[in-house]
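Working notes, structure below.
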Amino acid sequence: MKPQSPFKRKTYILPTKFGLAFLVMTLVLFFMAVGYANNLIYIFVFFLISISLTGIVVTNRNVDKAFVVAVFPESNFAMENAIVNVEIENMGSRPLWDLQLSFADSEEEYFIRKIEPHMRVMAEVPWRPKTRGLKQLPVMTLKSTFPFGLLKSWQKYRLNQTVLIFPQKVGSRAFPPEARDDERMQPVGLFKEHRLYQSSDSPTRIDWRATARRQEMLVKNYEEAEKEKLHFDFAQTSQLTNLEEKLSQLTVWIDEAEKSNHSYSLKVHDFVLPSGRGPGHHFNCLEHLAMVEEADLDG
Amino acid sequence: MDKPFFSQKVLALSFLMAMSMVAVEVVSWVSIFSFAVLLWKFGSERWGWKPLGRRTTGVLSVLLLLQVLFEYRTLVGQEPAYTFLLGLSALRVMDYRNERDHRFLVMLGFVLISVKALFNLDIYWVLPSIFSFFGFWFSLLPQGLPGRGRFLFRIFLLSLPLMAVLFFAFPRVVMPWAMSRGSTYGEIGFSDQMNPGKVAELAGSTVMVFRARIDDTPLKTSEELYWRGSVLGNSRGLSWRPQRTNLKAVKEDVPKGSFYEVALEPTSQNYLFTLNGTENVELETGSVIPLQSGLFRATRPLFNTTVYRALFNPNYIDQELPTESDLQIPTLSGRVAEWVERIKREYPKPEERVEELKNLFAETGFFYTLNPGVYSANDLEEFLFDRKRGFCEHFAGAYGTLARALEIPARVVVGYQGGLYNPWGDFWKVAHKDAHAWVEIFHNGQWMQIDPTRWVAPLRLVIGATSFFALSEEDQRAFARDISWKPQVSSDLLLWDQMTFWIDDLNYRWTYFLIDFDRSAQKSLLQEVLNDKTRFLIFAIVGAILLTLLVRFLSFGRESTSESKRLLQMVEAWGKKHHVPRNVSEPPLTYLKRLEDKYPNLSQVLDDIGRHYDQQSYRQTPYLGDSKKLEQLWKTEASKV
Amino acid sequence: MKEKFHDLISQASQVVLDKDTEIRLAMTCLLAGGHLLIEDLPGVGKTTLVQALGKLTGLRTTRIQFTIDLLPADVLGGQVYHPQDQKFVFHQGPLFSQLVMADELNRASPRTQSALLQAMEEGEISVDGVTWKLPKPFYVIATQNPHQQTGTFPLPESQLDRFLMSLELHHASKNTEIKIFQGQDPRQLMQNLKPVLTEAEITKALQSVDEVKVSSVVASYIGELLERSRRSGFSGQSLSTRAGMALVRASKAWAYLEGRDYLRAEDVQAVLIPVIGHRIGGNHGIKKGREWALVLKNETPVPL
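Residue numbers (the numbering used here), protein chains in the order written: chain A, -10 to 288; chain B, 992 to 1632; chain C, 33 to 336.
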């Protein structure tokens, strides 16, 4: 998906729990100074206050100069740990430290130790999508408590990105018997693809026919024995009651098929995806499963 | 994973320092306990000892609390509170495991440093306090941050101006709720009880009592300085007891004299030590009660270092008539009684009796020593005729009793004599070592000072107690009466003396500044600053310039090549608005050329901006033109389009 | 000094028509002290170009025509028995020259190829335990025909980064071809060419190129390019820091030819495709690599 820049945001700042305790301590010391009319404690308390104030500026700046420049969400399965690549740029002229990125619904966060001035860093922000379909990314928070942990400064991003989330992988990994193909398996020897010849290859590997056709030196890339074709159908999930469960089961099957190098096809009522293999085919099948609605299944 | 405590050297050192600073002020058992716990923690980290669990430390905390309550009968009070605090700190170190513990410990550390400030304002503690303060903040910084020290130092410097402003401008209010020391512990301090040996005990300590600035008065030598503390009117032979002293009658006229100033360390008592001849004493905070016999008391016990000003009258004469109580003595017996009878018979005139008293002490081989041996309360006879060894209190007590026996009204004064002069700061430092007792007799219509020590060991008065008692016993004995004798001093001792004087002076100024900067001083400072407008203006301008320079210099990292970049950003923003945006991969100069083609009117200014950028960002040489003007030019030209 | 180079380029352009940019890039490669790989169909002027450059720079030029049966010794040289002296004497091969044209490198066997590539890398040759240093400066301009039909051994991509830059020459445009047909015989023109530079001047130029300033903006641009090539979304191979250094060297040389002693982002962009085109193709060949290089160039933002 082509990345877009999210909206610009405001930087907020508040004391952390530690900061509040610190404030209480400072107040106590302040009353001590007043009560005993002790100038040394006054100096001390005022220094504490003054450093805290400087800290406010530092903490705020540390987050304010960070900009989210691009977001690269990737499709993933529901209820699995996913990450979204987020590119952060430091627009300031001083390094930024200890930034934490997290999504609203997630406990985990991604920690960036340092961003050099005018440089960018790619963060892998953890996310756990709950349901399938075309999902809006949740609100992302960029925050930091640098340097002392007394104050917390943050920005919230409403990312205008949608991500396709495939159904959760739940179900048996064993293929249904109906899915197996009746056709005989093809003999060993079918290649996967051609690739360009390099001088480090042995000349005996050259596929001359293909080369003659394509005007480039080609070599066959062999692979393991051909796997049988599989045909998946929505009807094969009849023993499950819930739509989500059915979709999840089909997802498991498709994923397994892809992993073990079968080629497979998918049929969901009127929708048919012919046999194929590879990341593109995998995506197409899962995409359809992700977008299935109740209404599509009637009739 | 548990966070190690001692491996974090800065944190551990800072916290240990803070604990040590407080430990020297509180009672020893808690210090021993605390350091034992620390050692245990160290052992558990370094040598694999089993540490105490949180439950155990919890129980220990409660036990500590109980012990403190038992000892002090209260928790409300400086000493019990800080004792508990110290022990608690050690237990928290034992508990130290995670980030939360760390933060709590840092806060405890700050509190410990503040607590130290309550006990002691000396400049000697400022350095370790600063180090600990720095160390605690340092430990709060993330560990992976490179150059933590420098970073923190910069933050400190940036925060200093605000701190100074707050300190000087924040109004000082005096609150009466200060916690009492709450201590039933005896400290070595001045008291009215003069049992034989009490003053000597006091004089065993080198702790400083007060510092005095007397340069306006005509008193210049150690000999001349007698500081009155209390007057004892109840004779028990060798020892004396105080008697109720009445308030002094208020004088109508304001006598003439010169002022001197005393900075008194906290005593938890009401005594105000004054020179002989003091007419009037003023405290900054609180009132003074003038008593008869030239004594002054504060209305409240002094828990803080206190400064007071006194008026010295060189022509002061105490002509208060003596009463019967000034002749009170216990029944005398033995050789004492015999001597008294003889003198009464042979010398009817008071002057002659005074002379005889002097002869008794000066001529009959008395020894002045800090360690005369223990006398029981009634060994007046033993002292006068057998042992003949005593400290000032013995001489004074004996003299006083004998004088009264000879029908001369007399009273014993206890206080301090002399002091150590600090040439750097031009002040006198009086310590417990200078504790002294002398006599006053009513003779020729006025109360006169008689110091028997002058006859027995005048050297002590001339060179001061510190120097005198620094000599060996033999030297003391040999040279006690030789006032011209100067102790041999090697040259590096002289240097060391100089150094000590200088540091002492620094410390004096520092504590003086700290105590003295209160409401009135602040008011006067502000008035001084605000009244003179020009001075204020200069002050403010200089301050502002310094502040800006400081901020600029210390801003974390400097903005580089900002002008040319800013100009380009301006052009870019303009281009975007006019639908000629810069493609991300289009170099700036190429983009400018493209704009020039599209907007020939702007070609001159765009060309200049391009050249500016080329110089600053690519060539990295300073641009010789005026970038501000260029910016203006762009704004005007661009708006025309 | 710059004028001399411009003069050189214009003279060369007269001989090899309509290839101004390519000649300039070839010159850039030489000034950056790197080896050049020229890819294209035969007969579009590769050989002419190299010969012209050889003549104009005054460098000692040799041409090695690689064939399938060429042995390493034919390139490097070998021991020859001298009966008079009764011993073997090493005869230097055609590689011992300042500008070596390795024509149709992809026709030679891998063994012979690697002999040349190794010499390029190390600047010296080891034969029978004796090391012979190659002359300085030493350039190899290799050519290969990517559309070659049978009988070639294209260079493996791991060796391609021995070449600083790679160029593609195309057929001349129709108008230019007409001019060529009508004009003088290039071989004749070639004979009239005289050296424009001395060796000392070349050495000095190389030093000046080295001293061209790289500002932080340009350095961060280059860094950005490298970083983008390493992203998971990018189809091409990741670029190494060595590629970045190559980019810097080539950009400096380009800037020098422009008459500057400091780099601009434009310089980097000018040499980008030649420098990294053959490094990011991977399995897919140089042509694909150049496409991806173009994508990289268009997508990487130039920082202000």
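Glycine included, each C-beta is placed from N, C-alpha and C at the ideal position.
Over what stretch of residues does the beta strand (DSSP E) that includes residue i continue unbroken?
i	result
Thr1269(B)	1269 to 1274
Lys256(A)	252 to 257
His1434(B)	1426 to 1434
Tyr1(A)	0 to 4
Does the separation of the CB atoms of residue i and residue j fall below 8 Å?
i	j	result
Leu90(A)	Ala112(A)	yes
Val107(C)	Leu148(C)	yes
Trp1446(B)	Lys1335(B)	no
Ala312(C)	Leu271(C)	According to the sequence provided, residue 312(C) is Ile. The question's Ala does not apply to it. Result yes, Cβ atoms of Ile312(C) and Leu271(C) sit closer than 8 Å.
Tyr253(A)	Trp143(A)	no
Ala275(C)	Leu295(C)	no
Val250(C)	Tyr1582(B)	no
Asp227(C)	Leu88(C)	Residue identity check: residue 227(C) is Pro in the sequence provided, not Asp. Contact: yes.
Ala1009(B)	Gly1078(B)	no
His1427(B)	Tyr1412(B)	no
Arg1380(B)	Gly1391(B)	no
Could you say which of the options lies nearest to residue i if we only look at CA atoms?
i	options	result
Ser247(C)	Val300(C), Gln46(C), Leu91(C)	Val300(C)
Gln223(C)	Leu85(C), Ile41(C), Glu54(C)	Leu85(C)
Phe221(A)	Glu205(A), Ala246(A), Leu139(A)	Ala246(A)
Leu1580(B)	Asp1599(B), Tyr1590(B), Ser1213(B)	Asp1599(B)
Hey, how far is the Cα of residue i from the Cα of residue j?
i	j	result
Phe1006(B)	Ile30(A)	18 Å
Ser1594(B)	Glu1628(B)	10 Å
Gly1228(B)	Asp1183(B)	16 Å
Met1170(B)	Pro1257(B)	Its pLDDT being 45, under 50, Met1170(B) is placed unreliably in this model, and the coordinates cannot settle the point.
Arg1045(B)	Asp1092(B)	12 Å
Gly155(C)	Val132(C)	13 Å
Glu1016(B)	Asn1111(B)	9 Å
Arg1291(B)	Ala26(A)	15 Å
Gly1140(B)	Ile1146(B)	10 Å
Val52(A)	Ser261(C)	28 Å
Leu137(C)	Leu207(A)	19 Å
Gly1548(B)	Glu331(C)	Legend: pLDDT at Gly1548(B) = 42, less than 50; position of this residue unreliable, value from coordinates given subsequently. So the two alpha carbons sit approximately 30 Å from each other.
Thr1612(B)	Gly138(A)	41 Å
Ser1618(B)	Gln1606(B)	12 Å
Gln145(C)	Leu62(C)	21 Å
Cys274(A)	Met129(A)	30 Å
Leu81(C)	Arg263(C)	38 Å
Pro1042(B)	Lys1032(B)	6 Å
Glu1273(B)	Glu1252(B)	10 Å
Going by DSSP in three states, residue i sits in which element: helix, strand or coil?
i	result
Glu1252(B)	strand
Thr1175(B)	Reliability of the predicted coordinates at Thr1175(B) is poor, the pLDDT of 36 falling under 50, and the value obtained from them is presented with this limitation in mind. Coil, per DSSP.
Asn79(A)	strand
Thr60(C)	helix
Gln83(C)	helix
Pro1414(B)	coil
Gln1489(B)	helix
Ile100(C)	coil
Glu282(A)	coil
Ile1308(B)	coil
Phe997(B)	coil
Glu1465(B)	helix
Phe185(C)	coil
Thr230(A)	coil
For the alpha helix (DSSP H) containing residue i, name the first residue and the last one.
i	result
Ile1334(B)	1325 to 1337
His114(C)	Looking at the DSSP string, His114(C) is not in any alpha helix (DSSP H); the run it does join, the beta strand (DSSP E), is 109 to 114.
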